[in-house]
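Working notes, beginning with the structure itself.
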Ligand SMILES: [Zn+2]
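The structure is reproduced here in structure tokens:
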């Protein structure tokens with residue numbers, strides 16, 4: 020242990036990378052002062068922990084200064100040496116949430132969903148990642164560099180909402196920042212699935228979103244898809260590309276990359292990936308038939324939106340003030356999604372199971388009605 024407390028101040032930077040961690044060690048620092056929203060790379064965090072160098076956020080340092088007695092930098096509280104400073108304005112992340120019966124069930128669900136993603140060829144290599152918000156400042160997520168087919172419950176990581184790993188032996192996915200931006204922006208979001216399904220990704224590399232009012236399930240579960248601009252994966256800039264869309268969409272195409280879906284459960288988030296992928300695939304098949312796609316009428320489409328509203332699912336089309344620029348079916352312009360949050364009265368308050376049963380019946384009725392009308 021070092022006898023003196025020497026702090027390096029990099030609170031002017033938004034990213035603490037390995038280079039900074041090594042500089043702190045070379046300077047003989049006992050702590051590094053970072054800004055409240057600084058992103059610390061996993062390797063830098065590990066390096067600092069290994070060398071007993073604490074991370075202190077600016078807010079935490081101010082509190083320490085106000086303390087009556089000498090306060091040492093935040094002490095490490097987990098295997099990764101995450102100091103109390105990581106808590107910032109949120110409550111300190113609780114590593115115990117990683118071992119509750121709920122957490123163990125979630126880990127198993129994540130593994131099952133990972134295998135589904137791999138079996139459906141939605142992920143390749145170690146691609147894709149899955150997470151679940153188990154507490155106000157605690158998120159269980161998949162590790163980096165593990166195939167989604169091979170996931171085991173003991174592989175999972177626990178991070179706080181800033182991406183600091185607080186439990187788990189394997190380093191968390193480098194894409195967790197993307198998930199965390201969604202959790203911070205959308206209180207209803209409990210689970211995120213990011214993957215690279217080929218047909219949806221084909222849209223993402225053309226900068227096009229699929230048209231609407233073609234298949235009822237797609238309208239109800241997803242509806243208008245947003246497309247976010249390209250940024251380098253794993254960076255804070257990439258994570259923030261989805262922010263303008265996530266309150267009014269549960270699925271976003273990531274330009275030249277893949278997709279991200281959020282939902283109330285991990286399983287439901289994976290369903291949305293399936294619905295989008297199958298939809299994009301079907302559209303591509305239909306485009307080869309040499310005849311135009313027939314659309315569901317706007318009137319019948321409004322019925323589907325009603326079902327969606329009852330389910331509490333977000334859709335930009337609920338905002339009637341924006342209907343002129345965002346008609347039920349006309350959206351094919353990349354990134355042209357409006358930013359207005361969905362109305363907060365969209366929740367039925369009923370359980371998801373009852374909602375889904377009602378949805379299946381309603382969609383079936385709508386399809387049968389449409390067929391009979393022909
Ligand atoms: Zn990816």
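Residue numbers (our numbering): 20 to 393. Think of the CB as a built atom: it goes at the ideal place given N, C-alpha and C, for glycine as much as any other residue. Please read all numbers here as calculations on a predicted model, not as lab measurements.
Beta-carbon proximity check, residue i vs residue j, cutoff 9 Å
{"i": "residue 27", "j": "residue 51", "result": "yes"}
{"i": "residue 212", "j": "residue 132", "result": "yes"}
{"i": "residue 161", "j": "residue 173", "result": "no"}
{"i": "residue 221", "j": "residue 303", "result": "yes"}
{"i": "residue 335", "j": "residue 381", "result": "no"}
Alpha-carbon to alpha-carbon, residue j and residue i
{"i": "residue 246", "j": "residue 214", "result": "14 Å"}
{"i": "residue 141", "j": "residue 47", "result": "46 Å"}
{"i": "residue 39", "j": "residue 259", "result": "23 Å"}
{"i": "residue 244", "j": "residue 295", "result": "9 Å"}
{"i": "residue 124", "j": "residue 64", "result": "28 Å"}
{"i": "residue 354", "j": "residue 130", "result": "Annotation note: pLDDT 33 at residue 354 (below 50); position unreliable, coordinate value reported separately. Answer to the nearest angstrom: the Cα atoms are 32 Å apart."}
{"i": "residue 332", "j": "residue 269", "result": "8 Å"}
{"i": "residue 209", "j": "residue 153", "result": "8 Å"}
{"i": "residue 171", "j": "residue 165", "result": "10 Å"}
{"i": "residue 150", "j": "residue 309", "result": "41 Å"}
{"i": "residue 191", "j": "residue 322", "result": "42 Å"}
{"i": "residue 169", "j": "residue 134", "result": "7 Å"}
{"i": "residue 116", "j": "residue 225", "result": "41 Å"}
{"i": "residue 235", "j": "residue 42", "result": "56 Å"}
{"i": "residue 163", "j": "residue 126", "result": "15 Å"}
{"i": "residue 196", "j": "residue 56", "result": "12 Å"}
{"i": "residue 156", "j": "residue 183", "result": "10 Å"}
{"i": "residue 275", "j": "residue 143", "result": "15 Å"}
{"i": "residue 279", "j": "residue 305", "result": "25 Å"}
{"i": "residue 328", "j": "residue 32", "result": "42 Å"}
{"i": "residue 45", "j": "residue 25", "result": "12 Å"}
{"i": "residue 297", "j": "residue 284", "result": "20 Å"}
Residue i CB to nearest heavy atom of ligand 1 below 8 Å
{"i": "residue 147", "result": "yes"}
{"i": "residue 170", "result": "no"}
{"i": "residue 213", "result": "yes"}
{"i": "residue 248", "result": "no"}
{"i": "residue 252", "result": "yes"}
{"i": "residue 273", "result": "yes"}
{"i": "residue 276", "result": "yes"}
{"i": "residue 194", "result": "yes"}
Any chain B beta carbon closer than 9 Å to residue i
{"i": "residue 322", "result": "Structure shown: chain B not included; a single protein chain is present."}
beta-carbon residue i near ligand 2 non-hydrogen atom, thresh 8 Å
{"i": "residue 331", "result": "Of the ligands one can find in the structure shown, namely ligand 1, none is ligand 2."}
Validate contact between the segment 242 to 261 and the segment 302 to 318 using beta carbons, cut 8 Å, 3 pairs: no
Three-pair Cβ contact test at 8 Å for the segment 260 to 267 versus the segment 283 to 292: no
Residue ranges of each alpha helix (DSSP H) within the segment 168 to 248, 4 or longer: 195 to 204, 217 to 225, 235 to 240
The segment 173 to 186 touching the segment 233 to 240, judged by at least three CB pairs closer than 8 Å: Flag = no, the segment 173 to 186 and the segment 233 to 240 do not touch.
Ordered list of alpha helix (DSSP H) runs contained in the segment 118 to 173, each at least 4 residues: 120 to 138
Start-end ranges of the beta strand (DSSP E) lying completely within the segment 262 to 323, minimum 3 residues: 270 to 273, 277 to 282
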